[in-house]
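Colleague:
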Amino acid sequence: DTEVTQTPKHLVMGMTNKKSLKCEQHMGHRAMYWYKQKAKKPPELMFVYSYEKLSINESVPSRFSPECPNSSLLNLHLHALQPEDSALYLCASSRGQGDTEAFFGQGTRLTVV
Amino acid sequence: QKEVEQNSGPLSVPEGAIASLNCTYSDRGSQSFFWYRQYSGKSPELIMSIYSNGDKEDGRFTAQLNKASQYVSLLIRDSQPSDSATYLCAVMGFQKLVFGTGTRLLVSP
Numbered sequence: 018d019t020e021v022t023q024t025p026k027h028l029v030m031g032m033t034n035k036k037s038l039k040c041e042q043h044m045g046h047r048a049m050y051w052y053k054q055k056a057k058k059p060p061e062l063m064f065v066y067s068y069e070k071l072s073i074n075e076s077v078p079s080r081f082s083p084e085c086p087n088s089s090l091l092n093l094h095l096h097a098l099q100p101e102d103s104a105l106y107l108c109a110s111s112r113g114q115g116d117t118e119a120f121f122g123q124g125t126r127l128t129v130v
Numbered sequence: 270q271k272e273v274e275q276n277s278g279p280l281s282v283p284e285g286a287i288a289s290l291n292c293t294y295s296d297r298g299s300q301s302f303f304w305y306r307q308y309s310g311k312s313p314e315l316i317m318s319i320y321s322n323g324d325k326e327d328g329r330f331t332a333q334l335n336k337a338s339q340y341v342s343l344l345i346r347d348s349q350p351s352d353s354a355t356y357l358c359a360v361m362g363f364q365k366l367v368f369g370t371g372t373r374l375l376v377s378p
């Protein structure tokens, strides 16, 4: 089973809203990732968690706040986003950071209005 | 110089032909290399991984790695219209996965 589940699939939010994206995996993977993908561009790394600790923050604005409550769950809290933050947000996991294959969830299509 | 480079395409091949997708990378210390397929509006799907020099075959797909030339390729034999997608080359470097810009493949019936 190589399933990573993301919810919701689609999200429309206003610039003053607070919302959260959720990601779950039950493969026993210890590294989890958030990527952002704009149309016709490759995925762009935002955050990496390794063993539930934040390992990499790619200078992401503070209006994006990641959280890893346990080894199976990864959240991305959103607050005061801008229309240019509209994108496909992808969660991925791998057995270890920098180790073997990374598997992606189906993504959350976010639109900021 | 970009870390991972791919020709954006589109690469157009007729059904049944071999599609050849290429990727170069800049970090000589990279040890892990991956090919992802991404259909429009969908998430990337891992189709091949390769870690050592040479060829690795899986069904209609063959990945080739040449670390001396810092070059990775993906061959798709007997291409089908359903193979039409963007193929992303990804390289594991500095504890994170870095993607190329992707090559768009179009397979015509």
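In order, the protein sequences belong to chains A and B.
As numbered in this note's numbering, the first sequence has no gaps in its residue numbers, which increase by one up to the final residue, 130.
As numbered in this note's numbering, the second sequence has no gaps in its residue numbers, which increase by one up to the final residue, 378.
All C-beta atoms in this analysis are idealised placements derived from N, C-alpha and C, irrespective of residue type, glycine included.
I want to see whether chain B comes within less than 8 Å of A/L107, judged by CB atoms only; does it?
Modeller: Mapped onto the first sequence, residue 107 of chain A falls at position 90. Output row for A/L107: interface = yes.
Colleague: May I ask which residues mark the beginning and end of the beta strand (DSSP E) holding B/I345?
Modeller: Within the second sequence, the letter at position 76 stands for residue 345 of chain B. Where B/I345 is concerned, the enclosing beta strand (DSSP E) stretches over 340-345.
Colleague: Could you name each continuous beta strand (DSSP E) segment of 3 residues or more that falls completely within the region 295-363 of chain B, going from the start of the chain to the end?
Modeller: You should have 301-307, 314-319, 323-327, 330-335, 340-345, 354-362.
Colleague: For A/P100, which of helix, strand or coil comes out of DSSP?
Modeller: Here residue 100 of chain A corresponds to residue number 83 of the first sequence, with the count starting at 1. The answer is helix: DSSP assigns A/P100 an H, G or I state.
Colleague: Nearest to B/S309 by alpha carbon, out of A/V129, A/K39, A/L105, A/T128?
Modeller: Looking up residue 309 of chain B in the second sequence gives position 40. Closest by alpha carbon: A/L105.
Colleague: I need the straight-line Cα distance from A/K70 to A/M63, nearest angstrom please.
Modeller: The residue labelled residue 70 of chain A in the question sits at position 53 within the first sequence. The residue labelled residue 63 of chain A in the question sits at position 46 within the first sequence. A/K70 and A/M63: Cα-Cα distance of roughly 14 Å.
Colleague: Straight-line CA distance for A/V168 to B/R346?
Modeller: The structure shown does not extend to residue 168 of chain A, since chain A spans only 18 to 130, so no value can be given for it.
Colleague: Quick one, which residues of the region 358-375 of chain B are near chain A if we go by CB-CB under 7 Å, in chain order?
Modeller: Residues passing the 7 Å Cβ filter: M361, Q364, K365, L366, F368, G369, T370, G371.
Colleague: Around the C-beta of A/H43, are 16 or more other C-beta atoms found within 10 angstroms, so that it is buried, or is it exposed?
Modeller: Counting from 1 along the first sequence, the entry for residue 43 of chain A is found at position 26. It is exposed - the Cβ of A/H43 has fewer than 16 other Cβ atoms within 10 Å.
Colleague: In the DSSP assignment, what residue or residues form a beta bridge with A/G113?
Modeller: Mapped onto the first sequence, residue 113 of chain A falls at position 96. DSSP lists A/D116 as partners of A/G113.
Colleague: Compare the C-beta of A/L91 against all C-beta atoms of chain B and say whether one is closer than 8 Å.
Modeller: By one-based count along the first sequence, residue 91 of chain A stands at place 74. Answer no: the Cβ-Cβ gap between A/L91 and chain B never drops below 8 Å.
Colleague: Strictly under 8 Å for the Cβ-Cβ distance: is B/S295 near chain A by that measure?
Modeller: To locate residue 295 of chain B, count along the second sequence from 1; it is residue 26. No, its Cβ sits nowhere closer than 8 Å to a Cβ of chain A.
Colleague: Beta-carbon of B/P313 versus every beta-carbon of chain A: anything under 8 Å?
Modeller: On the second sequence, position 44 is the one that residue 313 of chain B refers to. Yes, because at least one Cβ of chain A sits closer than 8 Å to the Cβ of B/P313.
Colleague: Using a Cβ-Cβ distance cut-off of 8 Å, determine whether A/L156 contacts chain B.
Modeller: Outside the shown range of chain A (18 to 130) lies residue 156 of chain A, about which nothing can therefore be said.
Colleague: Report the three-state DSSP secondary structure of A/H27 (helix, strand or coil).
Modeller: What you label residue 27 of chain A is simply residue 10 of the first sequence in a count that begins at 1. A/H27: strand per DSSP, three-state reduction.
Colleague: If I'm right that B/L280 touches B/L374 with Cβ under 8 Å, what's the distance once you round it to whole angstroms?
Modeller: Looking up residue 280 of chain B in the second sequence gives position 11. Looking up residue 374 of chain B in the second sequence gives position 105. Between B/L374 and B/L280 the Cβ distance is about 5 Å, and since that is below 8 Å, they are a contact.
Colleague: Cβ of A/F81 less than 8 Å from any chain B Cβ?
Modeller: Residue numbering aside, residue 81 of chain A sits at position 64 when the first sequence is read from its first letter. So no, A/F81 is outside the interface.
Colleague: Pull up the distance between the alpha-carbon of B/K325 and that of A/M30, whole angstroms please.
Modeller: In the second sequence, the residue the question calls residue 325 of chain B occupies position 56. In the first sequence, the residue the question calls residue 30 of chain A occupies position 13. The straight-line gap from Cα to Cα measures roughly 45 Å.
Colleague: Using a Cβ-Cβ distance under 8 Å, would B/F303 count as near chain A?
Modeller: In the second sequence, the residue the question calls residue 303 of chain B occupies position 34. Yes, B/F303 counts as interfacial toward chain A.
Colleague: I need the DSSP call for A/K53, collapsed to helix, strand or coil.
Modeller: As a working mapping, residue 53 of chain A is identified with position 36 in the first sequence. In this structure, A/K53 counts as strand in the three-state DSSP scheme.
Colleague: For the region 48-60 of chain A, which residues have a beta carbon sitting closer than 8 Å to at least one beta carbon of chain B?
Modeller: Those residues of the region 48-60 of chain A that come within reach of chain B (Cβ to Cβ, closer than 8 Å) are Y50, K58, P59, P60.
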